[in-house]
Amino acid sequence: MANPFYATYDTTGVKDPWNSDWGLDHYQVTVGVWLSNAATYSVEGTLDDVSNPNVTPRWFALADFPVGSNTAKVVDLYTQFLFLRVNIAVLVGTLELKIVQGMRQR
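Residue numbering for the sequence shown follows my numbering, beginning at 6 and increasing consecutively.
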C-alpha cells in the first residue's frame, strides 16, 4: 500500500522525510505545497536509505520545487526517490506538504 503523507508546518528548517513504498511496480507521486501566507522553501529527494545509519543521504532539490520556491503548486513526479522532504528557509504563516503515491490497477 502506498504511504500518503500530510503535514502542516509553522517553523522553518529541514523537516522529517517521507518514505515512498519501494515495493510498488509503478512509481508516480503527487506532491502538493500550499502556503497560508508566504514562504521560501524547496522540496528535496534522495535515492539513499535514510534509515540506514551507515549511509549519509545525498539530497537533491527537485526541479519543480527548487531552492527559493515561493508559490503553492501541485506536481506529478515519475522519478523514483526513496525519500522526500521539505526544507523551509522562510515562513510567514503555515506551509502544508501533501504527498500521495499512485498505484497501478492490476
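Cβ coordinates follow ideal geometry from the N, Cα and C atoms, glycine included.
Just so it is clear, the structure is predicted and the values come from calculations on it, not from any experiment.
- In this structure, the beta-carbon distance from threonine 45 to alanine 77 does not fall below 8 Å.
- Look at the beta carbons and you see the segment 29 to 41 touching the segment 96 to 104: at least three pairs across the two are nearer than 8 Å.
- For the pair serine 74 and valine 91, the Cα-to-Cα distance works out to about 11 Å.
- Relative to the Cα of leucine 82, the nearest Cα in the group Leu96, Val72, Leu67 belongs to Leu67.
- Remark: C-beta atoms of tryptophan 23 and leucine 89 approach each other more closely than 8 Å.
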